[in-house]
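Residue numbers (this note's numbering): 47 to 151.
The beta carbon of each residue, even a glycine, is placed where N, CA and C say it ideally should be.
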């Protein structure tokens, strides 16, 4: 990550030196932002190909869908289309009781 950060900082600060200073775009800030992104983003493969640009390889942040807490082993399926998205509890999953917290992966 250190090399990636240094490479990005060099490119960004040469394009926008007042905005991307070493103090503002520190390695600590980079690592924090990277952790936020990588822990909350949805895999781009989960989206229908018509919803993404052909060369798109990054995962996708979905702020409203991401309101659920995450837990490993959550039994949930993501379903996306051009006009809708859904979190679906598979038929094989244990049902949620009234007032229980729903989790995302």
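Asked	Found
Closest residue to residue 111 among 121, 88, 71 (Cα-Cα distance)	88
Own chain partners of residue 71 with C-beta closer than 6 Å, once the 5 adjacent residues on each side are dropped	55
Three-way DSSP call (helix, strand, coil) for residue 124 in this model	strand
Whole runs of the alpha helix (DSSP H) within the stretch 64–130, excluding any shorter than 4 residues	73–86
Start and end residues, alpha helix (DSSP H) containing residue 60	48–61
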